[in-house]
Structure formats: structure tokens, C-alpha cells
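Chains as they are written, first to last, in the numbering used here: chain H, 1 to 279; chain E, 1001 to 1279; chain R, 2001 to 2279.
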């Protein structure tokens, strides 16, 4: 197998330190999860999983304001299709679940906004740490009448319990890093200037321990706490049914007019969604 | 169907704002959950669920010291019978579970004491927010040798984990709002003077988003995090077996003499139960 | 049945107050979980369970620095064999699970280090309270390439969720009492000088309430939140497979040279494990 260089990705900047890889998401202007980023995630995972020298992957963002904003709603068919190469079927949820069951240990180091499928991506990582005063979390899909399509309901119901999971999704609101920690959405919130070195040191510590134990631990924990494939597939189907409803289309058009899916417009997405509903 | 006016309930004061209903529990002298309140909850739910104009229900208390104290232990047969109209069988747990699976979004805004079946009622709501320095939670049933009968064991074991669920029930003790938040019993604790406007604004925000998405989200979350009907029914049966035991009767009589089921006597219920055991 | 005196255990100092027993672990020099302590735990449980006068057991440590350090890795076969008398098969996990389903209510009062099987022992207790600034928790087994063998993966995945459970085990790191509380690993952290009287008063309160209710509550909570026997057995087998691998042997020898399984060497175990990996 030919190993691509570390710089061959359009939307991921990869740096290697021993058996740890740092993958910075760089998809301007706002790290939308579109076909390009999905294709790169697929290629990246295939490359990394094929080489046993790699043990731990740290996902970060090159954009201080957006980790991953959410999916590109204008290209849903395309980005779903881009997952097939790895998962055999068009489903972002199954791509993310692939990461959850991978022998790789994945860590999300989160600054900036991570909403919708972005939040679902970090929920699929093995661990997630966030920068106080910077990271913002949201599952706003129900503001458009649809369920999150890539596993948020599965993860949140198991992780933070019925009432907080319902609050997060039904309110479609933003949650700062401290509240996200209190709710159990993320492992821990750290001061923004301490986050990088904390994660780096954790990643290297983990990478120094034997791979065999980590695989066993992940297997046993996933058997208890990770939703089965069918549940991810079902949510994915329900999302797709939802986006085809006229109400979704109508609300999405109204949102677009107000700046949805623009860098500036989503700095205060919570208010945008609130106003939208007043139409 | 004829719609009753908003003022037709004996123990519930209902106010409407758009598609949000505010239902204040008003069953003096201490908001006991007896046949009257159960009958009103049944009628209220039937009325509200039948009208698609209603989307979100906020439950509050008209009594600053008691949200719901607990069931009226002198009328167990009666209040259970009052649930049949909605659930088909006499079980408070199944009435509460009806609320959990309803298309309605339910929010508990809690000030004052909420113990026993009161705590189970708010556990059945989709979300619960409490006033710091005011709200007090307790599942004291095991102090009388019985399991909570309306779902507390089911909810708490899933929500706050084995050890905290056991502590809460075996200790039969009071938990203030801050500790209840740390344990995950409730969504969040807010300053008492900020609670009302927070919940009001959340309820209206949720009500402005499409109903279809909310139904799907509730279905999917309930499939993971809500106990099946059989488990509620089993706890209900175990409770009933328990209250028939002589030890329950004896302890309850002793408690009644010390002020149990009186407004003043239950202000410091934790101590009353402790003293009781010293008999 | 002849009741042994309260002082007949080699590694447990037992004191009785009414129906509450206080069992202080005293296995110098560092409260290793070896055959002696396992034998004593088995005898202690058999004795206490046989006498209905006993209701609540509080486990504490006679050593301020170590609650239970971990298993004696030089005597794995022996301590496993010592469980057979109670569980019918050689498995520490099944011994601990016996405690979880016992009619006895068990409370761990934790000061000092509690790592590996020590942490698994307190996870099997019904409740656990820790001293701020003193208690330290860790599941470091994956640093040697093995899964915790006595139930940690089962308990932690259910209790603290997928991401925190993975972090705790994959990092093999130390967690102080405050972080352990935030993660939900323990019920609560208290000031070190308040812990003893808090637990004492809780134990006596619980012991004053009827036994029948407690048995029912434990049954119902365990049915939801305690892993089945097969899962404990499977982890136990996976642990045993792991310790037979050459990599485990090699790492363990290197660790022993650096002071593993010595009182001084494990005061800063996190660093010892880190250095080990740099070999």
C-alpha cells in the first residue's frame, strides 16, 4: 500500500508526532461538513487504520470560531454518498460509528462552535475536551423539524440521560463548554490556553501503552454504551425523511435568508433560529 | 369534543400563552397527590392532548413550600382508581409514563418540596428545572419499607446511576436543588428569581419549532432511556404489596402521630423519619 | 452456626455499632488485595450475611495513604482461587458482584489511593464517598495491556458514560476525589474531616429503616444498572488472557524494578507508568 504524504488532504492538515496524529480541520469559510470534508475523513481513516504505527488521532480545528459548523444542507445527497466508500451505505452516522469502533483512539480537542453533525462527530470520538469561553455545542436540527441524523439522539440519551438529551435537542439551543461538562456531553472543560498541552500530553501517554489492552477496553465499553448499527441507520433514515418535508424546506429557505450557513450569520445561531420561528 | 374552559380544574390553575400552557398545582394545604389531583391531571392531559394547538405544558406550584408533597397515603386505592380512565389500569406510574410518551413537551418548574410520587411526577416530565435554596427532592418511601411505586427506581437507576440511585432511596433523605443537579436528578438549578423567566422563554422557544421533529426526538430518546411499561407496572405492584405489610402500617401510624402528611410536620421530613425509626 | 468474634480477621478490623459494621482494611504495608484479604472478605461476608442483625457494612481503610492499592500481581492464581468458596468459580469480579446483590447495604468510605481492583471493589459497593484532598482513583490496568478484570469496564461504562469510561481506562491515570465526583465515579466528595461522621450518620439512618424495602430497591435498581454475571465473567477471562501475554510480563517486570507494588513507589503511580512506557 502506498502511503500518501501527510499533506495530501484538501480539508485536513495532518501533523505526526510518533504514533499520534494531529488532524486540523480546515474547510473555510466555516468548516461545513460537506462532501470534501467527508471524503477527506474517509481517506484519512482508511490511511491511518491501515498503518499500525498510528495509535491515537487528535481532531482539532484550524478555525478558532468553528470546529465543525454542521452539514452543508445544500449538498446532503453528495456528502452522504461520500461515506459509502468506507461504510457500504450512505450514512454519516455509520461513518462516525466506524470511528467509535476503530482500533484507533480518537480525541476531539474543541474550540469554537460545534453544532449539528459536528457535535455528532465529537460524540463519536472516544473522548472530547473543550476550551472554556470558546467552545459552543448545539443540536439544532429540531428547529427545522428533523431529528439529528448522525447519532446525537443515540449518544445523548445514553450519555446525559433522558431529560437533558430532550432539553438539548428540543430547545435547539447553544450550550457553552462549562454547561456541556456539567451535563456530561463532554469529558471535561479546560482553560483555553491549557487545552492544547493537556490533550497533547494525554494523547502521547495513551499512545505509549499497549494497543492490545486498548482494543479490548474499547470493545467491552462499546458493547455496553455504543448504540447498535440499526439505531444509527434508523436515525439516519428519519433525518432523510424529515428533510424532504415541505416544512423543512420552507424553514430552511427562511433561515438561509437570515444568514444560516454563513460564517457571520451563525455566530449567534440561537437567536437566528428563534427569530425564524416568529415568521 | 367540547373544550372545558381554562378554569374548570379543582386543583390545577391553567393559563394559556399561545401554544404553551402553564398549569399551577393548587391543592391546599400541601399539594398532596390524592384522587382530586389525579382526576384533574387525567382530565387536563385528555383535554390538552386532544387539541393540536397546545404544544408545551409547564407544571408549577401555587404553593411556595410544596410542589407536590407525595401521595395521600390514606387514599391509595382511590387515587390509583382515578388513573384508570387514562391508562386502563390503576397505576400512577403508568399515568406518569403516559406523560413521558405524549406528543406534548412537559417541563417541571420546581420550587418547594417535591417528594415521593411528586418527585416521580417531575421525573416523568421531559425536563425539570429547580429553584436554588427552595426546591427539595426526596424519595422517602423506603423509610416505610416500600419501593417508590410510580417509577422512581426506573428513572433514577437510568439517570443518575446505580450508586446515587441507591443512596437516594435507601437513605430516604432530602436533597437540595444544587445536589440534585450534581447528581443529574434534574436538568439544572437556577437562582429562584430567574427560574420563572428562564422556563417561560424555553417553553416558548420549543413551542415555536415544528411538532413533527419533537415527536420523533421523543420517540427515539424514549426508546433508549425510558423504562418499558412492564417495569413501571412491576414497581407499582411491589409498592402495593409493601403498603399491605404490617410493618408499613405500623410505621405509618407512628409517622402520622409525629406530623406526617401535615404541612408543618413535613417541613423537616428528614428528621421526622429519623426519629420515627428510633421508636 | 457459631459466630466468630469481631476480631478474628487477619486483614480486617471490624467494629460493631447496632446493626452497622465498620470494617477497616488493614493489610500492611499497602493494602494489596492478595489471598489473605480476599479470604477475609469471603469469611466476613459469609459471617455477616448469615446474621440478620447486621444490615449495613461500612468499608474503610486503616492506612491513610491506601484504601486498597490493587491486586497482588505476584499471586493472581492464589487470590482468584480464594474466591471460589463464595462464588463457586475463581473470579474477583463475581466476588464483588456478590456484594452488589447482597441484602447487605455496603458503603465505601474512601481516603487514600484506591486503584485497580480496589476501585472495582468500591464500584461494587452500593455507595461510595471520598475524602477531598486524599482519595485518589485509578484503573491503570491498560498501562500493562490488559482490561480491568473485576468489573470496572462494566461499572464505568454504565455509570459515567462511554467517553469518560474510555478516558479513565485508556489513560491509566490518577483521578482526584473532586474529579471523580464530577465524573460520577463516586457518589460525593466531602471534606476529609467531615467524611467519617457523614458516613456514620448515613449508615445508621439506613440501618433504622426496614430491611424489606431495601432488598426490593436493590433488586429493582440492580435489574437496570448492574451488569449480568456473564459480563463480569467475560472481563475476568479477558484479564487472565492478558496477563499471560509476554507484553504484560515484560512491562510488569520493568514496573517492579521502578517500585511498582511498593508503598513508596506507588505514591506517584501515574508518573511511574509514564516513565515505564518510555523504555
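Just so it is clear, CB atoms sit at the ideal spot from N, CA and C, and this is done for glycine as well.
Predicted model, so just to flag it, every value in this text is computed and none were measured.
Assign residue i to one of two classes, buried (16 or more other C-beta atoms within 10 Å of its C-beta) or exposed (fewer than that).
i: residue 2053 of chain R; result: exposed
i: residue 1213 of chain E; result: buried
i: residue 246 of chain H; result: exposed
i: residue 46 of chain H; result: exposed
i: residue 1268 of chain E; result: exposed
i: residue 1040 of chain E; result: buried
i: residue 231 of chain H; result: buried
i: residue 2036 of chain R; result: buried
i: residue 101 of chain H; result: exposed
i: residue 2287 of chain R; result: Only positions 2001 to 2279 of chain R appear in this structure, which leaves residue 2287 of chain R out of reach.
i: residue 2173 of chain R; result: buried
i: residue 2210 of chain R; result: buried
i: residue 2018 of chain R; result: exposed
i: residue 1050 of chain E; result: exposed
i: residue 1194 of chain E; result: exposed
i: residue 181 of chain H; result: buried
i: residue 2010 of chain R; result: exposed
i: residue 257 of chain H; result: exposed
i: residue 275 of chain H; result: exposed
i: residue 2088 of chain R; result: exposed
i: residue 16 of chain H; result: exposed
i: residue 2028 of chain R; result: exposed
i: residue 64 of chain H; result: exposed
i: residue 271 of chain H; result: exposed
Pull the bridge partners of residue i from the DSSP assignment, please.
i: residue 1066 of chain E; result: E:1113
i: residue 137 of chain H; result: H:114 and H:175
i: residue 2012 of chain R; result: R:2025
i: residue 2017 of chain R; result: R:2020
i: residue 1071 of chain E; result: E:1033
i: residue 1190 of chain E; result: E:1131
i: residue 1039 of chain E; result: For residue 1039 of chain E, which the question treats as bridged, DSSP gives no partner whatsoever.
i: residue 2270 of chain R; result: For residue 2270 of chain R, which the question treats as bridged, DSSP gives no partner whatsoever.
i: residue 60 of chain H; result: H:24
Between residue i and chain H, is the shortest Cβ-Cβ distance under 9 Å, so that the two count as touching?
i: residue 1231 of chain E; result: no
i: residue 2071 of chain R; result: no
i: residue 1101 of chain E; result: no
i: residue 1202 of chain E; result: yes
i: residue 1042 of chain E; result: no
i: residue 2164 of chain R; result: yes
i: residue 1220 of chain E; result: yes
i: residue 1186 of chain E; result: yes
Quick one: does residue i have its CB under 9 Å from some CB of chain E?
i: residue 224 of chain H; result: no
i: residue 280 of chain H; result: Residue 280 of chain H is absent from the model: chain H starts at 1 and stops at 279.
i: residue 141 of chain H; result: yes
i: residue 245 of chain H; result: yes
i: residue 181 of chain H; result: no
i: residue 2015 of chain R; result: no
i: residue 170 of chain H; result: yes
Closer than 9 Å, CB to CB, is residue i near chain R or not?
i: residue 1160 of chain E; result: yes
i: residue 206 of chain H; result: yes
i: residue 88 of chain H; result: no
i: residue 97 of chain H; result: no
i: residue 152 of chain H; result: no
i: residue 1177 of chain E; result: no
i: residue 211 of chain H; result: yes
i: residue 1274 of chain E; result: yes
Under the criterion of a Cβ to heavy atom distance below 8 Å, does residue i qualify as lining the ligand MN?
i: residue 1208 of chain E; result: Ligands in the displayed structure: none, and consequently the ligand MN is not present.
Whether or not the stretch 250-264 of chain H and the stretch 1221-1228 of chain E are in contact is what I'm after, with contact meaning three or more pairs of Cβ atoms, one per stretch, closer than 8 Å; do they touch? Touching, no.
Can you list the alpha helix (DSSP H) stretches of 4 or more residues lying completely in the stretch 1081-1135 of chain E, in chain order? The qualifying runs are 1084-1087, 1092-1101 and 1117-1124.
Check whether the stretch 169-179 of chain H and the stretch 136-150 of chain H touch, using three or more Cβ-Cβ pairs below 8 Å as the test. With a cut-off of 8 Å on Cβ pairs, the stretch 169-179 of chain H is in contact with the stretch 136-150 of chain H, counting three or more such pairs.
How do the stretch 1118-1129 of chain E and the stretch 1190-1201 of chain E stand: do at least 3 beta-carbon pairs fall below 8 Å, yes or no? Touching, yes, given that three or more Cβ pairs across the two stretches are closer than 8 Å.
Unbroken alpha helix (DSSP H) runs of length 4 or more, entirely within the stretch 1187-1268 of chain E: which are they? Runs found: 1192-1208, 1211-1225, 1229-1243 and 1246-1257.
Across the stretch 115-122 of chain H and the stretch 194-204 of chain H, are there enough close Cβ pairs to call them in contact, namely three or more that are closer than 8 Å? They do not touch, by the three-pair rule.
Could you name each continuous alpha helix (DSSP H) segment of 4 residues or more that falls completely within the stretch 1138-1169 of chain E, going from the start of the chain to the end? Whole alpha helix (DSSP H) segments, 4+ residues: 1152-1159.
Can you find at least 3 beta carbon pairs, one from the stretch 1147-1157 of chain E and one from the stretch 2091-2109 of chain R, that sit closer than 8 Å? Put simply, the stretch 1147-1157 of chain E does not touch the stretch 2091-2109 of chain R. Fewer than three CB pairs are less than 8 Å apart.
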